[in-house]
Amino acid sequence: MKKCLLLILICSSTVSFAQYTDAKMNSFISGLMAKMTLDEKIGQLNLVTPGWGIPTGSVVSKGVEDNIRKGNVGGLFGIYTPERIRKAQDLAMKESRLKIPLMFGSDVIHGHKTTFPIPLGMASSWDMKLIEQAARVAATEASADGLNWAFSPMVDIARDPRWGRVAEGSGEDPYLGSQIAVAMVRGYQGTDLSKDNTLLACVKHFALYGASEAGRDYNTVDMSRVRMYNEYLPPYKAAVDAGVGSVMSSFNVVDGVPATGNRWLLTDLLRRQWGFKGMVVSDYTSVNEMINHGMGDLQAVSALALKAGMDMDMVGEGFLTTLKKSLQEKKVTQQEIDLACRRILEAKYRLGLFEDPYRYINDERAAKTILTPEHRQASRATAARSMVLLKNSRQALPLQRGGAIALVGPLANDKNNMLGTWAVAGDPQMSVPVLEGMKQYLATGNIRYAKGANITNDTNLAKKANVFGTRVEIDPRTPDDMISEAVTLAQSSDVVVAVVGEASEMSGEAASRSDITLPDSQRKLLEALKKTGKPLVVVLMTGRPLAIPRELEIADALLLAWFAGTEAGNAISDVLFGVVNPSGKLPMSFPYNVGQVPVYYSQQPTGRPMDPNNKFSTKYLDVPNEPLLPFGYGLSYTTFSYGKPRISGARMNKAGRLTVSVTVSNAGAYDGEEVVQLYLRDKVRSISPPVKELKGFQKVMLKKGESREVVFEITEPMLRFYNSDLKFVSEPGDFDVMVGGNSKDLQQMSFTLQ
Ligand code: NOJ
């Protein structure tokens with residue numbers, strides 16, 4: 014029956030989807046559009062959410078069912094499961110006049126029901142295959158749950174850890190961020206969008222959303238074009254080059270004009286310069302929010318967005334309610350409406366929805382493919398490889414299986430916070446707490462638990478962190494009672510493992526913090542534990558870099574676990590007990606304190622470089638210029654030693670290439686993986702060059718005692734940058750090339766580009 018309706022609709026054909034060419038798609042869509050009324054065309058531009066599940070914005074759509082029947086809806090988001098999606102698709106396919114299938118989106122950000130580590134965590138793996146595979150698993154599950162569109166990857170460069178959404182992206186660096194953008198697009202979209210296990214990806218938030226002033230979410234952004242092109246735009250462009258099917262505009266202004274209504278951004282740059290062919294969707298009510306930006310009334314801002322190149326209006330219904338009037342008043346053209354409608358229909362066509370609107374709706378597949386042991390295993394492995402060992406002294410880690418362990422801390426026996434922010438479909442109750450994970454490795458009696466502290470004692474903060482369910486539970490006991498229970502336990506144990514950090518909703522959207530330290534309650538707990546003199550292993554869960562100089566000092570070992578997802582407790586235990594040797598490296602610098610922010614490795618040099626003996630040089634009176642922990646930093650249970658790097662020549666012409674090689678040896682007692690990093694510095698150029706920029710990395714596995722030569726190639730395109738005329742050029746001259754295991758500890762050589 015479904016097929017029949019469809020066949021009537023497309024008036025063709027026995028041709029399978031794979032055989033369609035663009036010409037066929039165009040003629041199919043032209044045929045369909047010829048039958049559409051103006052209202053039906055505008056209806057396609059409307060993306061709604063009926064508000065089921067975790068809310069992802071402040072308002073929800075009303076009258077959704079009726080609007081689908083009337084042909085007033087192009088797509089839905091915020092619902093999943095075959096049953097619910099079928100119900101909505103039935104309304105479109107059985108009760109609307111033209112029976113145009115709906116598309117179904119969702120915030121599939123780090124997994125679907127099997128939740129993977131937060132994106133900033135996955136970025137720490139520096140492992141593109143792993144990240145692609147995580148996106149693939151997410152696509153497999155989400156598509157089995159009826160979805161065909163992921164609002165991911167988020168690729169906003171973020172250098173301000175006050176901004177809670179740093180958790181959702183890949184950190185501070187455009188090169189690493191671009192590689193990850195590509196891996197994720199590949200993972201979601203695969204090679205054929207019409208397959209029933211792939212999703213249309215949506216790169217977001219275009220553009221510059223991560224540069225909001227003072228790290229306050231939704232705040233204004235202002236930056237030079239050279240910074241924009243060189244540092245902030247590359248990951249979006251990489252996603253476009255990788256064939257991402259959709260782009261979401263950001264909430265902020267770009268050069269004073271909100272991204273959602275910015276024609277330079279959405280048309281001149283995205284489509285004309287970059288050649289993007291897919292569809293553009295607004296962010297949640299970002300069309301309407303242009304009223305607050307001072308761009309006019311709803312009719313004016315909706316017209317502004319459409320004319321800028323916006324195709325689909327998320328939730329706000331400005332398009333739905335005003336475009337017809339704007340057309341009558343000649344404020345927009347029929348051609349503009351048609352173009353937006355065509356792009357949405359093209360996305361549906363590519364997803365195979367015209368061939369089978371129900372292709373993603375399959376109860377059997379949902380039952381078989383969601384939260385499977387294999388997917389959980391993939392999440393566990395990804396999580397373990399996303400953790401970053403920040404300190405390991407007194408051989409505190411890995412833990413010995415025979416000793417008595419005091420497991421303490423508010424996140425040590427917790428399910429509610431393991432998934433991290435933006436786990437829309439994840440069920441916290443399916444997650445593994447650390448206590449449970451550790452029990453696998455220890456005989457009963459060898460592990461005892463005490464909460465020790467609340468995540469925070471601040472009831473106001475707790476209330477804000479609990480908006481999507483309980484994340485912070487304030488214990489009825491006094492803070493002193495809780496600490497003393499933990500201390501007593503520590504005193505009678507061989508080692509203390511303290512699991513501390515943020516509640517998951519203390520980072521993420523609309524979760525900016527001006528104070529990025531560990532809450533007081535937990536700092537006091539750590540100080541008290543330190544006084545016991547027992548080896549202190551700290552496991553840190555956080556969605557952002559925190560200012561933790563004191564914690565780094567007093568911990569014997571510090572493992573950054575981020576928010577590790579469904580398998581958190583298992584993965585953390587795998588690392589603590591040395592079954593997995595940590596290999597993550599920081600994708601974002603950790604500051605000493607919030608006053609240093611933004612602090613990132615690829616700084617511009619100043620005219621007065623830091624000189625402790627010169628008052629009038631660039632520095633703080635109270636903290637170093639350098640971050641506490643630099644970009645690219647992370648330890649292993651083994652030690653890697655670097656030989657003297659070699660470069661194949663001192664000169665290179667534009668068509669030539671040089672190789673840089675370095676021998677890396679595993680000099681310690683464990684097999685392990687090292688991320689070998691390559692940085693370049695252009696010494697003299699027409700715009701002031703950053704002190705260094707990541708240009709390559711390789712993650713290599715070395716058995717204990719093994720040495721390997723790691724080779725990088727340098728070619729002219731790697732030396733290009735956007736100059737003052739925004740031309741992507743290289744300039745002849747001298748370059749430094751640096752290799753090493755993080756952005757600070759590097760060995761340097763040089764060459765000349767002729
Ligand atoms: C607002 C967020 O900014 C965006 O990332 C998300 O995709 C939408 N809400 C939809 O939930």
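14 is the number of the first residue of the sequence shown in this note's numbering; add one for each residue after it.
For every residue, glycine included, the Cβ atom is placed at its ideal position computed from N, Cα and C.
For K537, the shortest C-beta to heavy atom distance toward the ligand NOJ is 7 Å or greater. Rounded to whole angstroms, the separation of the alpha carbons of L420 and F741 is 54 Å. DSSP, read as helix, strand or coil, puts K337 in helix.
Bounds of any beta strand (DSSP E) do not take in S534; it lies within the alpha helix (DSSP H) bounded by 533-544. About 6 Å separates the Cβ atoms of E78 and L104, confirming a contact at the 8 Å cut-off.
Residue environment for D587: buried (at least 16 other C-beta atoms within 10 angstroms of its C-beta). Per the C-alpha coordinates, the member of G482, T530, A581, L384 positioned closest to G450 is A581. Across the structure, F289 and P532 are spaced so that their CA atoms are roughly 45 Å apart.
In this structure, the beta-carbon distance from G269 to V300 does not fall below 8 Å. In terms of side-chain proximity, the C-beta atom of M261 is found nearer than 7 Å to a non-hydrogen atom of the ligand NOJ.
For the ligand NOJ, a non-hydrogen atom lies closer than 7 Å to the CB of F164. By the 16-neighbour rule on beta-carbons within 10 angstroms, R659 is exposed.
The Cβ atoms of N679 and E722 do not sit closer than 8 Å to each other. Here the C-alpha atom of A313 lies approximately 8 Å from the C-alpha atom of K344. DSSP lists no beta-bridge partner residue for Y242. The beta-carbon separation of S444 and T555, rounded to 17 Å, does not stay under the 8 Å limit for a contact. Approximately 19 Å separates the beta-carbon atoms of A147 and S520; this is outside 8 Å, ruling out the contact.
Listed in chain order, the non-local C-beta contacts of V239 below 8 Å within the same chain comprise I700, Y735, N736, S737, L739, local neighbours out to five positions each way being set aside.
R99 sits in a helix when the DSSP states are folded into three classes.
Residue environment analysis places L352 among the exposed positions, since fewer than 16 neighbouring C-beta atoms fall within 10 angstroms of its C-beta.
Proximity of the beta carbon of G70 to the ligand NOJ is indicated: a heavy atom of the ligand is located closer than 7 Å. The beta carbon of I496 sits closer than 8 Å to those of G465, A466, K537, L538, A541, all from its chain and outside the five residues before and after it, given in chain order. T579: not part of any beta strand (DSSP E); DSSP gives it neither H nor E. Remark: C-beta atoms of L133 and E53 do not approach each other more closely than 8 Å. In the DSSP assignment, Y462 falls within the unbroken beta strand (DSSP E) covering 460-463.
Taking all protein chains in view, the Cβ of G514 is crowded by 16 or more other Cβ atoms within 10 Å, so the residue is classified as buried. The C-beta separation of G223 from G182 comes to about 6 Å, placing the pair in contact by the 8 Å criterion.
Pairing S756 with F603 gives a Cβ-Cβ distance that is not under 8 Å. Along the length of the region 49-85, whole alpha helix (DSSP H) runs at least 4 residues long occupy 51-57, 77-82, reported in chain order. Shown here, S720 sits in a strand according to DSSP, grouped into three states. Collapsing the DSSP output to three states places I122 in coil.
Taking 8 Å as the cut-off, the Cβ atoms of N583 and Y683 do not count as close. Cα atoms of V293 and Q102: separation of roughly 22 Å, rounded to the nearest angstrom. Rounded to the nearest whole angstrom, the C-alpha separation of P187 and S207 is 31 Å.
Contact check for A214 against A151 fails: the beta carbons are separated by 8 Å or more. Per DSSP, reduced to three states, the secondary structure at H306 is coil, with no helix or strand assignment.
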